[in-house]
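In order, the protein sequence lines correspond to chains A, H, S, U and W. So in the working numbering, the last one in the first sequence is 304, and the numbering has no gaps at all. So in the working numbering, the last one in the second sequence is 143, and the numbering has no gaps at all. So in the working numbering, the last one in the third sequence is 528, and the numbering has no gaps at all. So in the working numbering, the last one in the fourth sequence is 631, and the numbering has no gaps at all. So in the working numbering, the last one in the fifth sequence is 500, and the numbering has no gaps at all. Think of the CB as a built atom: it goes at the ideal place given N, C-alpha and C, for glycine as much as any other residue. The model shown is predicted, which means the values in this text are computed figures rather than measured ones. Here is the structure we will look at.
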Amino acid sequence: MEGLFYMAAVVAVGATLMMLTRQNAVHALLYLILSLLAVAVIFYLFGAPFAAALEVIVYAGAIMVLFVFVVMLLNLGPRAGGLEAAWLSPTVWLLPAIMAAILAGEIVYILSGPGLRTAPAGEIAPVQVGLALYGPYLIGVELASMLLLGALVGAHHLGREARSKPETKTHDVYSDVAGSDSGGDLVRAGSDRTSGAA
Amino acid sequence: MIGLLVRRNLLFILMSLEVMVNAAGLAFVVAGAGHGQADGQAMFIFILAIAAAEVAVGLALVLLLYHRYRTLDVDVASQLRG
Amino acid sequence: MILVWLIVVLFSGGVLAWIAARWNEAAARWISLAAVTADFLLSLELWRKYSAGAHFLPNGPWLVDFNAEWISIPLAGVNIHLHLAMDGLSLLMVALTCLLGIMSVLTSWREISQRVGFFHLNLMAILGAIVGVFLAVDLFLFYFAWELMLVPMYFLIAVWGHERRIYAAVKFFIFTQACGLLMLVSILALVFAHHQATGVYTFEYADLLNTPLSRGAAFLMMLGMFLGFAVKLPMFPLHPWLPDAHTEAPTAGSLILAGLLLKTGAYGLLRFVLPLFPEASRDFAPAAMTLAVAGIVYGAVMAFAQTDLKRLVAYTSVSHLGFVLLGIYARNDWALEGALVSMIAHGVSTGSLFMLVGQLQERTHTREMDRLGGLWATIPRLSGIAMFFAMGSMGLPGLGDFVGEFLVLMGTYYAGHFGLTVAASVGVLFSTLYALKFIQRAYHGPNTHQWKIQDLAPREALIFAPMIVVLLWLGVYPQPVIRTFQPAMQAIQQFSNAPGEAPPR
Amino acid sequence: MLKLLWLIPALPCAGFLTLAFFGPRLSRRAVALIGPGVVLASAVVSWSVAMSFFLAPPPGGAFVQELWTWMDVAGFHPKMALYLDPLSLVMMLVVTSVGFLIHWYSTEFMAEDEGYSRFFAYMNLFVASMLVLLLGDNLLLLYLGWEGVGLCSYLLIGFWYTDPANGRAARKAFYVTRVGDTAMSLGLFLLFTQLGTLQIQDLMREAHDQWGTGSKLATAAGLLLLGGACGKSAQLPLQVWLPDAMAGPTPTSALIHAATMVTAGVYLIARTHVIFEVSPTAQFAVAAVGAATLLIAGFSAMTQWDIKKSLAFSTISQIGYMFLALGVGAWSAAIFHFMTHAFFKALLFLGAGIVIEACHHEHSMFKMGGLRKELPVTFWTFAIAGCSLAGLPLVTAGFYSKGLIIWNAYASAGGSMVLWLAAVFGALLTSIYTFRMIFLTFFGEPKAHVVKRPGAAMKIPVMILAFFAAVAGFVETPGFLGHAHVFSNFMQKALPEAVERRGLGMSELGSEAVVMLAFLAGLAIAYFFFLKKPALQESVTEPPVGQAVHRFWFSDWGMDWLYDKLFVQPLWWFARINKRDFIDSFYAAVAAVTRALWVVLRSTQTGRLRWYAAVIVAGTILFVALALVAKP
Amino acid sequence: MTAQDLTALLPFIVVSAACLVVLIATAVRRSHAVAGLVTVAGLTAAFGLLPAAASVAPRAIGASGAGALVVLDGYGLFFIGLILAASVAVAVLAYGYLDRQEEHREEFYILLLVAVLGSMVLAASSHFVSFILGLEILSVALYSMCAYLRDRAISLEAGIKYLVLAAASAAFLLFGMALIYAEFGTMNFSYLAAQMTAGAYPDRALVAGGLALMITGFGFKLALAPFHLWTPDIYEGAPAPVTAFVASVSKGAMFALLLRYFSSTSAARLHGVFLVFAVIAATSMIAGNLLALLQNNLKRILAYSSIAHMGYVLVAFLAAGDLGPEAVTFYLVAYFITTLMAFGVVAVLSPAERDADRLEDVEGLFWRRPVLGALLTLALLSLAGIPATAGFFAKFYIVAAGASSGIWRLIVLLVVTSVAGLFYYLRVLVAVYSQPAESAEPAPRLPLASGVVLALLGILIVWLGVFPGRVLETVQLAVASLRF
């Protein structure tokens with residue numbers, strides 16, 4: 107159990123670091139997906155299978171796909187590599203690295219306090235999560251749907267083709283992502299799709 | 062968080078943002094697991110929704126930036142100063 | 024109720040003038056003139072009624088009292104009243120305000136030609152705010168009127184001023200506002216100290232009078248309030264705003280600035296600082312008096328050094344107000360009476376000097392003394408009047424200023440400050456320097472620039488005649504003024520002496 | 000008749016008001032009528048008051064007429080009241096009479112001057128304020144007259160304002176007198192705070208009761224009053240302004256700088272004599288100042304080429320005599336000398352006026368000469384006045400009054416041999432420069448041809464004054480010459496008697512004899528130097544030492560240069576460098592600092608996204624650290 | 017979800033419904049008037065329903081195991097009312113403003129309604145989840161609103177900056193919440209308060225760290241000192257009505273939550289947090305006032321002044337005495353009105369292609385458009401704290417609160433910096449009253465609705481300045497309910 111956790115943690119951190127240093131956007135994306143999967147494993151280990159599943163499906167699946175889609179759309183690929191190199195001179199790295207180190211130190215200090223219970227108390231089944239979602243957090247779900255609606259309308263407005271400049275249509279991708287997430291209130295999701303078409 | 066400060070490509074900034082939010086989600090799930098409550102995971106789900114919304118608007122902005130300046134370097138868009 | 028009328032008449036006059044200006048500008052001037060004269064008559068009527076025997080109302084040394092609910096916050100127990108009250112001191116001050124108000128309207132008859140309506144609105148607003156300051160007895164209302172005074176004055180300087188008006192207006196505003204806020208902090212500290220002692224929030228002057236304060240806290244509060252007033256009465260280190268504000272303000276503006284705004288500072292010291300913090304004022308008195316004398320001497324020397332007429336007259340006000348400050352802090356009967364008389368005399372004499380310089384500027388379009396000279400030949404009557412008021416501001420016996428200065432110096436001497444009295448008398452000597460330089464450069468000497476300007480118009484004579492009469496009357500028979508101020512001064516003395524310490528007779 | 004006392008100052012005041020407001024519109028004839036007319040009326044009233052005063056002297060030797068209470072502030076209640084006693088009576092008579100004569104004279108002297116009405120307005124104002132000074136019942140009212148007189152002297156000296164030099168002289172006069180006035184006002188404060196009143200009579204009683212002789216307070220008050228007196232009467236430390244005051248028209252010099260104003264100091268000390276009696280040191284100071292001034296002025300007078308300046312110095316020295324008299328306690332002698340001096344000095348000035356007018360405004364005596372034949376009346380009157388000034392024995396008033404003072408300088412309580420010697424040497428100097436003046440202007444070959452003969456209006460006043468200059472002396476004659484004490488008896492009621500001290504080394508006769516000798520010696524020297532062999536003058540002034548001494552005396556013993564360096568230059572220097580008010584720069588500095596801060600902070604707004612993010616992260620790190628470190 | 021819960025939530029429901037109606041209406045047929053009308057109607061209806069919700073108050077909704085998500089008490093309702101009123105004003109101003117734009121105009125109203133919903137949730141939230149959700153709804157809507165006018169480069173830039181920085185600060189905020197949740201096991205403010213006051217928590221560092229991280233989130237949203245760098249750029253970049261919304265409603269809602277969070281969890285007593293807030297308040301007052309000194313872009317000046325004003329409110333917040341919360345609430349009311357007025361005038365003046373935010377646009381305004389000039393003067397005077405304006409009494413109240421709890425150093429700093437503040441308000445005033453440059457192009461016609469709103473705001477400023485009594489009572493009622 108312990109070994110698997112540490113291994114997953116190392117993979118996650120390594121993948122993120124690799125993601126940062128890549129010039130090529132696609133490579134970076136792939137590394138990011140890898141780190142997300144590692145995080146999903148950690149979730150599982152902490153007894154949150156439902157969260158792990160969600161992490162894989164929604165996070166790694168939909169959002170990263172979205173990124174890949176945009177990268178493909180703007181075919182950033184290798185061509186942009188040359189530019190990136192110029193921007194990543196070592197001196198640029200110095201200041202942020204120091205800050206990151208200090209912040210990391212602070213957080214480690216905070217976490218090292220006595221209060222944290224390390225061992226997971228046991229598995230929390232998806233049913234409990236579902237009950238919580240539709241018990242006290244019902245309003246949260248409703249609000250999340252409004253949140254996604256706002257994001258949808260905003261993205262639609264911004265993404266719409268400008269009158270003068272050429273542009274590709276990208277907005278239909280979002281609708282299904284937003285739809286799948288909110289889960290419960292399918293009715294609203296349905297209406298989004300229709301508006302998207304207009 | 063380092064990506065946010067280092068990379069000038071807006072896309073990379075968005076990706077590092079995603080990592081940061083995800084980290085927070087992880088912290089919540091672990092805390093929830095620690096206390097044996099489902100609240101952590103519920104919170105995680107909401108964080109997912111938030112991340113998704115941010116990404117959606119973020120990428121829309123990326124497209125706009127690309128069409129306007131043909132590049133994703135975020136420092137191009139820094140006319141507002143002083 | 025008459026007190027409220029005093030303020031309402033002015034403000035409504037201003038608004039009416041602004042509206043009337045839409046159609047014809049002369050109407051605006053007439054309306055504001057009518058408003059101020061009405062107020063002046065009101066104050067005279069009040070004076071006649073109350074100068075006979077100063078009888079007090081039950082709740083303290085007031086002649087007339089008006090109290091109305093204003094802001095009441097039941098939960099927190101804060102209730103601020105619209106409490107206006109008038110005693111001898113404020114009665115005279117209101118009369119002076121109205122008199123100079125009439126003068127300022129008359130002088131700006133021809134000088135202000137564009138945006139007349141807005142000008143008169145501001146003019147009336149300032150006068151109303153000043154009357155408010157003189158009558159307010161509720162500390163919050165006082166502070167409200169005090170801050171309200173600044174804005175119209177700022178507009179007056181910024182819109183109708185001369186070359187560097189923006190700089191001067193902003194400098195004026197920031198100087199006064201900075202110390203005004205300090206005053207606000209000390210007022211609030213006092214209110215909360217009172218709250219701690221008695222458990223009730225009140226801004227009433229009467230209740231706050233005897234709040235038990237620790238020595239250190241009292242000194243700090245007193246200092247805050249003192250600074251708030253000292254900047255208005257340009258005390259020596261805080262005076263640089265005055266010359267700029269005066270040089271750049273239109274004649275009516277500098278008339279009101281010199282005649283009234285400086286008096287609100289002195290009034291504040293008399294009404295609030297001395298009675299509210301008796302011991303602290305007593306400890307602070309020597310320092311304040313030294314600063315006052317420094318102000319007298321420095322003001323006089325600086326006046327001597329100026330070549331711009333208005334700056335010269337501005338510095339004279341610094342010097343004259345130094346006397347007032349000296350008198351206030353000498354804290355005995357003569358000094359206080361002297362301070363009051365010289366306040367009124369200064370208002371009249373410096374006000375007229377400003378009007379004269381304004382007339383001169385209207386005719387010769389310059390204020391630089393070097394380009395003037397030898398005007399006596401072309402405008403003998405105006406020069407004669409200038410000579411009269413220059414003598415007045417020099418403290419020639421027989422005119423108002425002398426009575427004030429003599430009493431102040433006597434009071435200071437009696438209070439045991441021999442050195443200060445000598446220095447102040449040297450200050451008076453320097454006042455001769457600048458007065459004669461003013462006469463010599465502007466009126467005597469050869470007519471180098473062949474000025475051909477027309478002499479005093481009847482309207483202008485109408486302005487200066489009352490001023491000459493008042494100054495002479497003050498010089499020769501100041502008794503009515505002194506008698507009216509007597510009871511108010513008694514009250515201030517009695518408040519400002521720490522219990523047990525006999526008034527320094 | 001005494002009730003009309005208030006009319007005396009009121010009449011000239013009314014004259015001033017009418018002339019000031021309606022002057023320009025009135026014709027010259029009307030102005031000539033109003034100006035002197037008013038002063039004549041005032042003179043007539045004062046004579047009638049004097050008559051009734053003699054015939055029915057009011058109880059207690061003084062009459063007080065209260066007009067109104069000036070101010071009443073908790074214990075300090077000066078009243079506007081007029082006080083008449085022998086001292087102020089004599090002064091009043093002299094001022095009004097001599098004033099009228101001079102007014103009459105100036106109707107013609109100023110005939111063609113364009114500021115005609117303005118001149119008479121100022122002259123009337125002067126007479127009015129001088130009368131207020133004399134009749135003032137309390138020191139504050141006296142101070143009012145005092146400053147009024149100072150103002151008029153400023154206005155009149157600077158009368159021809161077109162020439163800046165006159166302006167400067169006028170301002171100098173006013174500044175110096177103002178210095179004196181400040182000292183006097185300090186004296187007033189001291190007196191009031193110590194004795195509780197400024198009403199002169201009560202003041203004198205209080206001073207007598209409360210202060211023992213030699214008390215420090217009395218000395219301080221005395222010295223301060225002496226300071227005021229020196230300022231006004233141009234005595235030693237503050238005498239620089241009188242010679243320059245000659246820039247004004249001659250009638251003003253005659254009226255103000257000879258007869259009346261300059262003696263205001265004498266009047267003040269005489270009026271407050273109790274204070275000086277109480278503190279001998281103050282009294283001695285007065286004597287010392289008097290003696291020193293009369294010598295210095297005497298020497299300077301000898302070296303002047305301008306006739307009016309020479310007369311000015313002679314006035315200073317004569318007032319020195321009066322101060323000497325006051326200093327030694329011979330109060331009535333001082334007033335007696337004042338009276339006689341007023342007559343002959345006014346006459347000398349008027350004569351000089353005629354001479355200047357005659358020689359086409361020529362002031363230098365060396366350019367005049369031999370005017371004896373052309374201006375006979377002027378010559379004779381001038382000669383009488385000159386002799387009276389120099390002290391021609393037995394005939395002239397000057398001899399009696401100066402003789403009395405010189406005798407008292409030795410004989411009276413405060414007197415001493417040194418003072419007496421100084422007085423006698425002064426008399427010698429006086430006769431030298433007087434006769435020098437007479438010989439230079441009236442004798443020798445005529446250098447300037449006479450342009451204008453004096454008209455009747457100028458001749459008659461001069462003749463009347465000449466008569467008084469001669470006759471006025473017999474009122475008070477010394478012991479061996481008929482021993483008439485009319486004047487001193489009359490003054491008895493107001494001023495204490497001069498008390499003889501014991502062990503006198505010489506008799507009054509001896510002192511008078513020595514004075515006569517001095518007069519003759521002076522006459523001889525003057526004759527020998529300035530008429531017989533003019534060449535002799537060069538021989539004295541040629542050698543470097545003589546030249547230095549000459550220049551030193553000429554410039555009023557270098558006092559002018561000293562004061563200029565000591566006070567005037569530093570003030571101008573400070574005014575020049577500090578025109579911009581250095582305190583202002585302090586606030587400008589504050590503004591500059593805030594501006595610099597703004598520039599620094601503005602640079603943080605780079606507009607680059609990553610910089611903003613970096614600042615946020617840094618902020619977070621800082622606050623987390625702060626939260627962790629801070630104690631709970 | 018009982019009937020009372022629903023009535024309590026009525027305002028939220030109405031606003032969401034309005035948002036959907038606008039969505040559907042635009043889908044059917046794009047018409048600007050309909051969208052605008054529905055929005056305004058929706059908001060006013062929600063405002064109307066407040067008393068109904070108040071009848072049921074105080075209701076804690078979702079009060080099962082995890083503690084109430086949202087609590088509708090007097091305090092929350094007061095702020096919701098304030099937000100709704102302000103949003104109506106913004107909507108009307110936006111209508112006038114957008115009328116002149118060729119952009120699609122209807123989406124703006126949807127985003128506006130979403131943002132309003134977000135801020136309402138914030139004002140009423142008493143749980144981390146509702147807190148973060150409300151914040152994110154508000155922020156996401158604002159990202160798009162800032163970048164709404166897509167053809168303007170500066171709008172795009174503002175949008176990007178706001179998104180990235182808001183997201184980053186949200187991440188920090190979340191992490192802080194996670195730490196506190198890890199420590200206490202509950203996310204509800206009242207439960208947290210109970211545990212914190214009990215002082216039972218072993219791991220002090222964890223809580224302090226968590227709070228510090230959360231402060232970053234608060235600091236960013238309220239544009240307090242170290243986190244203020246984004247404010248001027250976003251204010252200048254975003255269209256004027258959006259800036260008005262950001263400056264007023266979003267800050268107000270956030271401060272409402274801050275006040276609720278800290279006064280309920282009494283965390284402010286922790287010396288560490290008090291010190292942090294004091295430093296923030298001081299730096300924001302200084303930075304805010306100094307940065308604006310020689311600015312000549314009106315919106316940037318107002319941005320910096322809003323930083324400074326938030327510093328002043330923080331001072332009142334730190335004055336925890338009985339007057340503290342009242343002073344904060346009253347100041348926020350006055351601040352809302354004044355900011356809306358100031359930006360409203362800018363919005364009304366701006367032509368189609370760019371915002372009229374340069375000082376030259378305001379040159380001699382008083383002589384060209386006396387009414388607008390007077391209103392702008394009123395706003396500036398109120399910001400400066402001159403008597404007879406709401407700002408004066410608000411500032412007076414803050415100094416009073418500060419004095420009552422004796423935090424003298426901050427009070428003196430407040431006084432000194434507000435004097436520096438005078439300088440740049442006067443600079444603008446001077447421009448308004450100087451001679452109008454002939455070249456100034458004629459300002460666009462004043463749409464009636466915006467005119468009415470601005471006039472109303474003007475009256476409110478004066479009324480609050482002279483007779484604040486009435487409003488003070490309602491404020492006190494609201495605040496009383498805060499300390500349950």
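Cutoff 8 angstroms: Phe-500 (chain W) Cβ touching any chain H Cβ: As a working note, residue 500 (chain W) is residue 484 in the fifth sequence. Annotation note: pLDDT 43 at Phe-500 (chain W) (below 50); position unreliable, coordinate value reported separately. No - not a single Cβ of chain H is within 8 angstroms of the one on Phe-500 (chain W).
Ile-54 (chain S) versus Lys-177 (chain W) - alpha carbon distance: Walking along the third sequence from the start, residue 54 (chain S) turns up at place 31. Walking along the fifth sequence from the start, residue 177 (chain W) turns up at place 161. Each residue's alpha carbon lies about 57 angstroms from the other.
Other residues of its chain near Asp-282 (chain A): CB distance less than 7 angstroms, five sequence neighbours each side excluded: Translated into positions along the first sequence, residue 282 (chain A) becomes position 176. Caution applies to Asp-282 (chain A), whose pLDDT of 35 falls short of 50 and renders its modelled position unreliable; the value that the coordinates give is listed next. The answer is none, since no qualifying residue turns up.
Collapsed DSSP secondary structure at Asn-181 (chain A) in the structure displayed: Numbered from 1 along the first sequence, position 75 holds the residue referred to as residue 181 (chain A). It is coil, neither helix nor strand.
Validate contact between the segment 417–433 of chain U and the segment 398–405 of chain U using beta carbons, cut 8 angstroms, 3 pairs: yes
Where Asn-355 (chain S) falls, given that 16 or more other Cβ within 10 Å makes a residue buried: On the third sequence, position 332 is the one that residue 355 (chain S) refers to. Buried: at least 16 other Cβ atoms inside 10 Å.
Nearest candidate by alpha-carbon position, reference Ile-111 (chain H), set A:Ala-250, A:Val-145 and A:Leu-258: Start at 1 with the first residue of the second sequence, and residue 111 (chain H) comes out as number 50. The shortest Cα separation from Ile-111 (chain H) among A:Ala-250, A:Val-145 and A:Leu-258 belongs to A:Ala-250.
Any C-beta of chain A under 8 angstroms from that of His-5 (chain W): It is not possible to answer for residue 5 (chain W), since the shown part of chain W is limited to 17 through 500.
Residues near His-340 (chain U) by beta carbon distance below 6 angstroms, same chain, minus five either side: What you label residue 340 (chain U) is simply residue 341 of the fourth sequence in a count that begins at 1. Taken in chain order, the residues that qualify are Gln-317.
Three-way DSSP call (helix, strand, coil) for Trp-210 (chain U) in this model: As a first step, residue 210 (chain U) must be located in the fourth sequence, where it is residue number 211. DSSP places Trp-210 (chain U) in coil when its eight states are reduced to three.
Test: Leu-596 (chain U) CB closer than 8 angstroms to a CB of chain H: As a working note, residue 596 (chain U) is residue 597 in the fourth sequence. Chain H contact via Cβ: absent.
Within 8 angstroms, strictly: CB atoms of Ala-303 (chain S) and Met-245 (chain S): Walking along the third sequence from the start, residue 303 (chain S) turns up at place 280. Walking along the third sequence from the start, residue 245 (chain S) turns up at place 222. Closer than 8 angstroms, so yes.
For Arg-75 (chain W), three-class secondary structure by DSSP: Translated into the one-based positions of the fifth sequence, residue 75 (chain W) becomes position 59. Arg-75 (chain W) falls in the strand class under three-state DSSP.
Residue from S:Phe-165, S:Pro-501, S:Phe-461 and S:Ser-342 with nearest C-alpha to Thr-287 (chain S): Along the third sequence, one-based indexing puts residue 287 (chain S) at 264. The residue with the shortest Cα to Cα distance from Thr-287 (chain S) is S:Phe-165.
Under the three-state DSSP convention, the category Trp-67 (chain U) falls into: Numbered from its first residue, the fourth sequence carries residue 67 (chain U) at position 68. Strand.
Interface residues of the segment 125–142 of chain H facing chain C [CB-CB below 9 angstroms]: Annotation note: the requested chain C is absent from the structure, which comprises protein chains A, H, S, U and W.
Where Met-125 (chain A) falls: helix, strand or coil (DSSP): Along the first sequence, one-based indexing puts residue 125 (chain A) at 19. Note: Met-125 (chain A) maps to helix in three-state DSSP.
Own chain residues within Cβ distance below 6 angstroms of Met-129 (chain U), not counting five before or after: What you label residue 129 (chain U) is simply residue 130 of the fourth sequence in a count that begins at 1. Only Val-94, Val-148 and Thr-259 meet the Cβ criterion.
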